[in-house]
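K.L.:
Take a look at this one; I'll ask things after.
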């Protein structure tokens with residue numbers, strides 16, 4: 035649980051419905067594994083078709099999971115009918131992304147009516163240990179009344 | 035062409051061979067379409083399985099192509115036997131990533147023995163027009179003599 | 035000159051009046067040296083009291099000038115009565131910030147009603163040569179009708 | 035205290051001596067108020083000559099204090115004779131930088147032989163309350179045997 039109060043009591047089902055529409059998350063095998071107010075986890079298993087040239091998970095895959103975790107952490111605090119778009123994010127790689135599974139933990143750092151700042155940590159499960167592999171700092175924007183953009 | 039002189043005359047084949055080992059680039063349908071010294075283009079076609087919840091290309095897909103374009107722009111200026119890893123990148127989304135095709139143009143801003151700073155622009159081809167959709171600023175590190183990490 | 039059309043014909047005097055209220059720019063000896071639509075230059079002379087431990091200009095001074103250049107590049111395209119705040123910025127140092135003078139060139143990459151993305155390059159004048167020392171990518175927000183925040 | 039073990043038992047005096055050479059910290063009235071292994075605090079009082087146009091502390095001042103806090107957090111874990119340079123940093127502003135005093139808390143996220151990743155939080159003391167005003171994610175580089183660059 036987190037310190038934040040959701041404005042929409044149905045936030046979890048709204049986050050889940052939106053995530054299920056992110057076809058790219060299915061493409062990389064990512065699943066929502068936690069939805070709390072202001073905190074969302076996304077997990078995926080290592081797969082050869084997600085790697086870069088050295089056999090590590092591609093930084094873009096880490097960024098994709100972390101960006102979605104941040105976006106849904108932000109969405110979990112929005113009123114009904116308000117969508118969230120990524121304005122920008124910055125990610126640092128901390129260690130080679132090697133392991134059996136990866137988890138991106140996205141958290142709201144500061145919610146706002148228009149701008150919500152988030153952070154994410156990505157860790158690998160590697161032979162029973164948890165190894166931090168990336169950290170992200172991201173800026174999300176609430177979008178109201180824009181055609182074709184909801185939740 | 036660019037202002038930079040490659041240190042390895044076989045830079046283009048080295049970049050291509052490394053890119054071909056990035057299985058994630060094949061997963062998202064990305065192809066190398068230019069390799070100049072310090073400048074690399076990567077292109078991909080729009081596909082439903084690369085989208086986020088509003089039907090736009092997922093920001094993580096844009097980031098993946100831009101990160102690889104930056105990394106290979108950096109690698110094109112490295113001596114033989116030196117590998118490149120992404121330390122970090124930051125990407126701003128400029129417009130909804132909608133279009134038939136996308137191109138990430140990665141460029142070296144400043145090469146260095148250890149640290150190379152790069153930038154990338156991602157644009158969409160949309161009904162005959164070219165629309166900028168994202169810009170990236172990235173930091174790459176040259177890696178020498180590390181087991182399991184080459185090119 | 036740039037490709038952008040200002041919405042407020044008095045943009046230059048508005049930018050200048052706001053810059054003159056940034057007391058910190060006076061503290062570091064920074065001056066506005068160009069105001070075009072979507073492009074603003076800020077210059078300062080090297081001074082010992084702006085340095086870090088190795089005698090280079092402190093990265094925070096480079097960031098301060100670049101942030102203001104980006105902010106005023108964004109403001110130059112805003113309608114009258116709209117203020118600009120920095121949401122975030124990211125800066126890469128390219129070379130030791132050594133020289134007699136420094137210039138930050140801020141440019142709008144993409145203007146928007148709420149969000150404007152900017153970039154800046156900072157260069158040093160060093161014994162007659164111009165040396166790039168930093169690049170910034172920044173996100174600015176237009177603020178309307180907020181008490182105490184104008185221009 | 036932090037989880038990190040310093041490699042140089044005199045780390046605190048080394049950090050203090052280096053900070054005292056950062057003339058820009060004196061210019062903005064910043065003081066070192068904590069030096070633990072991997073964690074450094076820098077504080078400064080609000081002053082009119084550090085403000086931007088709305089009377090808030092300039093984002094560049096927040097960035098300067100946070101960058102130095104990150105750099106010294108990294109330096110505290112380095113062996114004797116190794117210097118630290120900022121490769122890049124990214125800062126998000128969370129709230130107007132208004133208050134009587136400001137504190138930047140820099141922490142090492144992941145130490146490394148060459149690259150150390152840090153984060154910082156900047157908060158304002160405002161009428162007895164502590165208000166977070168900015169967060170930074172930064173990349174520091176260890177520098178060995180470079181002329182003119184030590185500690």
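Protein chains in written order, with my numbering: chain A, 35 to 185; chain B, 35 to 185; chain C, 35 to 185; chain D, 35 to 185. From the three backbone atoms N, C-alpha and C, an ideal C-beta is built for every residue, glycine too. Note that the coordinates shown come from a computational prediction; the quantities given were computed from them, not determined experimentally.
(1) Output the distance between the C-alpha atoms of residue 7(A) and residue 115(C), rounded to the nearest integer angstrom.
(2) What is the C-beta distance between residue 51(B) and residue 185(B), in whole angstroms, given that I count them as a contact (C-beta under 8 angstroms)?
(3) According to DSSP, is residue 124(B) helix, strand or coil?
(4) What residues are listed by DSSP as bridge partners for residue 62(D)?
(5) Can we say the region 136-152 of chain C touches the region 101-108 of chain C, given the rule of at least three CB pairs closer than 8 angstroms?
(6) For residue 78(D), report the span of its beta strand (DSSP E) as first-last.
(7) For residue 181(A) and chain C, any beta-carbon pair shorter than 8 angstroms?
(8) Is there a Cβ from chain A that is less than 8 angstroms from the Cβ of residue 171(D)?
(9) Considering only residues of the same chain and omitting the five flanking positions on each side of residue 88(D), which have a CB-CB separation below 7 angstroms?
(10) According to DSSP, simplified to helix, strand and coil, what is residue 94(C)?
(11) Beta-carbon within less than 7 angstroms of residue 35(D)'s beta-carbon, same chain only, minus the 5 sequence neighbours each way: which residues are those?
(12) My output table needs one value for residue 167(C): the three-state DSSP class, helix, strand or coil.
(13) So residue 66(A) and residue 167(A) are supposed to be a Cβ contact under 8 angstroms. How far apart are they, rounded?
(14) Name the residues in the region 116-134 of chain D whose C-beta lies less than 8 angstroms from a C-beta of chain A; which are they?
(15) Give every residue of the same chain whose Cβ lies closer than 8 angstroms to the Cβ of residue 145(D), excluding the five residues on either side of it in the sequence, and list them in chain order.
(16) Pull up the distance between the alpha-carbon of residue 157(A) and that of residue 64(B), whole angstroms please.
(17) Would a C-beta distance cut-off of 8 angstroms place residue 171(D) and residue 169(A) closer than the cut-off?
(18) Report back the beta-carbon spacing between residue 124(D) and residue 161(C) to the nearest angstrom; my notes put them in contact at under 8 angstroms.
(19) Is residue 160(A) helix, strand or coil by DSSP?
(20) How would you label residue 135(D), buried or exposed, when you count the other beta carbons within 10 angstroms and need 16 or more for buried?
(21) Mind checking the region 131-162 of chain C against chain B and listing, in chain order, the residues whose C-beta falls within less than 8 angstroms of any C-beta there?
(22) Which residue or residues does DSSP assign as beta-bridge partners of residue 174(D)?
(23) Quick one: grab the DSSP three-state call for residue 139(A).
(24) Would you say residue 126(D) and residue 173(A) are within 8 angstroms of each other, going by their C-beta atoms?
(25) Report back the beta-carbon spacing between residue 85(C) and residue 57(D) to the nearest angstrom; my notes put them in contact at under 8 angstroms.
(26) Against residue 175(B), what residues of chain D qualify as contacts under a CB-to-CB distance less than 8 angstroms, listed in chain order?
(27) At a CB-CB cut-off below 8 angstroms, which residues of chain A make contact with residue 95(B)?
(28) Consult DSSP for residue 84(C) and reduce its assignment to one of helix, strand or coil.
(29) Answer yes or no: does any C-beta atom of chain A fall closer than 8 angstroms to that of residue 87(B)?
(30) Buried or exposed: residue 102(D), going by 16 or more other Cβ atoms within 10 Å of its Cβ?
(31) Please tell me whether residue 176(C) and residue 118(C) are closer than 8 angstroms, where the distance is taken between their beta carbons.
(32) How should residue 163(D) be labelled, buried or exposed, when 16 other C-beta atoms within 10 angstroms of its C-beta is the threshold for buried?
(33) Could you give the distance in angstroms between the alpha-carbon of residue 55(A) and the alpha-carbon of residue 98(C)?
(34) Counting only beta-carbon separations shorter than 8 angstroms, does residue 113(B) have a partner in chain C?
(35) The alpha helix (DSSP H) spanning residue 13(C) covers which residue range?
(36) Where does residue 54(D) sit, in a helix, a strand or coil, going by DSSP?
P.N.:
Looking at the coordinates:
(1) Look at the range of chain A in this structure, 35 to 185, and you will see that residue 7(A) is not part of it.
(2) About 7 angstroms; that satisfies the 8 angstroms criterion.
(3) Looking at residue 124(B) - three-state DSSP - the assignment turns out to be strand.
(4) In DSSP, residue 62(D) forms no bridge with anything.
(5) Segments in contact, yes.
(6) Element bounds for residue 78(D): 73-79.
(7) It does not: the Cβ of residue 181(A) has no partner Cβ on chain C nearer than 8 angstroms.
(8) Yes, contact with chain A.
(9) Cβ neighbours of residue 88(D) beyond the five flanking positions: none.
(10) The answer is helix: DSSP assigns residue 94(C) an H, G or I state.
(11) Annotation note: pLDDT 45 at residue 35(D) (below 50); position unreliable, no value reported.
(12) In the structure shown, residue 167(C) sits in a strand (DSSP, three-state: E or B).
(13) Going by Cβ atoms, the distance from residue 66(A) to residue 167(A) rounds to 20 angstroms, so no, they are not a contact pair.
(14) Of all residues in the region 116-134 of chain D, those with a C-beta nearer than 8 angstroms to a C-beta of chain A are 124, 126, 128, 129, reading in chain order.
(15) So the qualifying residues of the chain are 38, 72, 108, 111.
(16) For residue 157(A) and residue 64(B), the gap between their C-alpha atoms comes out near 26 angstroms.
(17) A contact, by the Cβ cut-off of 8 angstroms.
(18) With a Cβ gap of about 32 angstroms, residue 124(D) and residue 161(C) do not count as contacting.
(19) Note: residue 160(A) maps to strand in three-state DSSP.
(20) Per the 10 Å Cβ criterion, exposed.
(21) Against chain B - using a Cβ distance shorter than 8 angstroms - the residues of the region 131-162 of chain C are 143, 144, 151, 153.
(22) Residue pairing by DSSP puts residue 174(D) in a beta bridge opposite 120(D), 150(D).
(23) Correct three-state label for residue 139(A): strand.
(24) Yes, the Cβ-Cβ distance between residue 126(D) and residue 173(A) is below 8 angstroms.
(25) Right, their Cβ atoms sit about 5 angstroms apart.
(26) Residues of chain D passing the Cβ test: 148, 149.
(27) Contact of residue 95(B) with chain A by beta-carbon distance below 8 angstroms involves 58, 94, 98.
(28) Correct three-state label for residue 84(C): helix.
(29) For residue 87(B), the answer is yes, since a Cβ of chain A falls inside 8 angstroms of its Cβ.
(30) Buried, since its Cβ has 16 or more Cβ neighbours within 10 Å.
(31) The answer is yes: Cβ separation under 8 angstroms.
(32) Exposure of residue 163(D) is indicated by the presence of fewer than 16 other C-beta atoms within 10 angstroms of its C-beta.
(33) Answer to the nearest angstrom: the Cα atoms are 41 angstroms apart.
(34) For residue 113(B), the answer is no, since every Cβ of chain C falls outside 8 angstroms of its Cβ.
(35) Nothing can be reported for residue 13(C), as the shown portion of chain C is limited to 35 through 185.
(36) Per DSSP, reduced to three states, the secondary structure at residue 54(D) is helical.
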